[in-house]
Structures are given as C-alpha cells and as structure tokens.
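Asker: Counting the sequence shown from 1 gives a position; my numbering is that position plus 10. Structure incoming, see below.
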Amino acid sequence: MNKKIALFIFTSVALFDMLGIIFEIEVLRLVFKPLILLSLMALYKISTARETNNMYLLALVFSFLGDVFLLFDGTLFFMLGLGSFLIAHLFFIKVVVSWWSEFKLQKILLTAVPFMLLVAGLIVFLKDHLGEMLIPVIVYAMVIGTFGTVATIVYKQRKTRYAATVMLGAFVFMSSDTILSINLFYKPMMVLNILVMVTYVLAQYLIYRAVVMKEES
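Dropping the structure here:
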C-alpha cells in the first residue's frame, strides 16, 4: 500500500463516520470510528522512512482506545475514554517536548498563562453542569492546555513548518475538546457532534503531518 492509498482510506473512513453522525446510523459509527485511528497508524507507518516514533504511536493507540470507549454510553465508558485520551495527550506532550531546543521555566509559565485562563473559563462556564465529572474534566482540561502550551513553545523556538503544524494541531484539538464538553454537559446539538469529529480528525491529521515533517527535517 502506498501513501496516497493510505491517505484515501483514512479520509474515507472519517467521512463514513461523519455520515453515521449526520444520518444517525449507529452501525456506521460502530464500524468506522475505531478505523479512523487504525488507518492513521497505517498511514504513519507508510509515511515514515525512518524508525517510527514509539511515543507518537502510543498516543495514537490510546486515542484509538478513547474512540472505542466513547462509542458506548455510561459513566464507566466515559471515564475510560477520558482517561485514554488523557494518556494520549501525555504522549503527545512527550513527543513535542522532545523537539524543544531549550528549557526555560519562566518562558514556559508565561506561555502557559493564556491556556490556563482558557481552561479556567471553560470550567467556570460548565461547573454547574459537570456534577461528579468536575474533577476528571478539570484534570483533562489542564492536560490539553499543557499540550497547547508545549506546542506553542516549540513554535516560538523553531519557527519551522512542523512546529507551526503541531501548534495548529494542538489548537484544533483544544477546540474539538471544548466543543465536545459543551455538547456533552451544556447543550447537545447535532451540529456540535459534527464539529467535534471534523476538528478531531483534522487535529489528528495535523499532528501526524508534523511528526512526519519533523522526521524528514
């Protein structure tokens, strides 16, 4: 399988999953949502000419698990999905931090401020609707905010295409999770379901492109 075919499969799988959302065809979601990350893993393996980045692959594995768990209803599956994505983001963070050229605490803290303010604003907005999910959501939101922080730092340091791409990917991922939290806890809407998946797939693709570009640089 070549890269173009793998990319076509990834795109097609994502589109079928979105059709499942739009037309509320549960079987499409059950079949195609887990295939999104599996096809992205295959695309990455085909795209990289060097030794694969195991930290990035682990991030994809835990993203896959998160996708599967969140297909099912109930608090247990939500917590398993949230935990899986939290671990995935920790691996994403590990990957991006390895691209840093320097470590300066003051700059890290200053860069983190706007992200933590965004996290705080979201939590304040949703807190009356979170119930027993308050603490897990706070922890997850802080981790995704950290991902945005470390991706911004690598762009400030490197100013390269891969750094810009991973920063954009982190921002889109934050947008996806923000939309998801509003849809789950504040006001469920069909359009938000679609936006969640569009931004999620785009974020995963941008991060994949950044990893490949970094390996090729």
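For glycine and all other residues, C-beta sits at the position ideal for the given N, C-alpha and C.
Quick check on SER111: buried or exposed, where buried means 16 or more other Cβ atoms within 10 Å of its Cβ?
Answerer: Counting from one through the sequence shown, the residue named residue 111 turns up at place 101. When all chains shown are included, SER111 counts as exposed.
Asker: Do ILE56 and VAL23 have their beta-carbon atoms positioned less than 8 Å apart in this structure?
Answerer: Along the sequence shown, read from residue 1 onward, the residue named residue 23 stands at position 13. Along the sequence shown, read from residue 1 onward, the residue named residue 56 stands at position 46. In this structure, ILE56 does not lie closer than 8 Å to VAL23 by Cβ.
Asker: According to the Cβ coordinates, are SER49 and GLY76 closer than 8 Å?
Answerer: Here residue 49 refers to the residue found at position 39 when the sequence shown is read from its first residue. Here residue 76 refers to the residue found at position 66 when the sequence shown is read from its first residue. No, Cβ-Cβ distance for SER49 and GLY76 is not below 8 Å.
Asker: Would you decide whether LYS117 is buried or exposed? Buried here means 16 or more other CB atoms lie within 10 Å of its CB.
Answerer: By 1-based counting over the sequence shown, the position of residue 117 is 107. The residue is exposed, with fewer than 16 neighbouring Cβ atoms inside 10 Å.
Asker: Spell out a yes or no on whether the stretch 121-133 and the stretch 76-85 are touching, meaning 3 or more CB-CB pairs, one atom from each, closer than 8 Å.
Answerer: The answer is no - the stretch 76-85 does not touch the stretch 121-133, with fewer than three Cβ pairs under 8 Å.
Asker: In the DSSP assignment, the alpha helix (DSSP H) including GLU225 goes from what residue to what residue?
Answerer: Taking the sequence shown and counting its residues from 1, one reaches residue 225 at position 215. Here the alpha helix (DSSP H) through GLU225 covers 200-226.
Asker: Could you check if ALA59 is buried or exposed, using at least 16 other CB atoms within 10 Å of its CB as the buried criterion?
Answerer: On the sequence shown, residue 59 is found 49 positions in, with the first residue counted as 1. Answer is exposed; the Cβ neighbour count stays below 16.
Asker: For ALA173, which of helix, strand or coil comes out of DSSP?
Answerer: Residue 173 sits at position 163 when you count from the first residue of the sequence shown. Helix.
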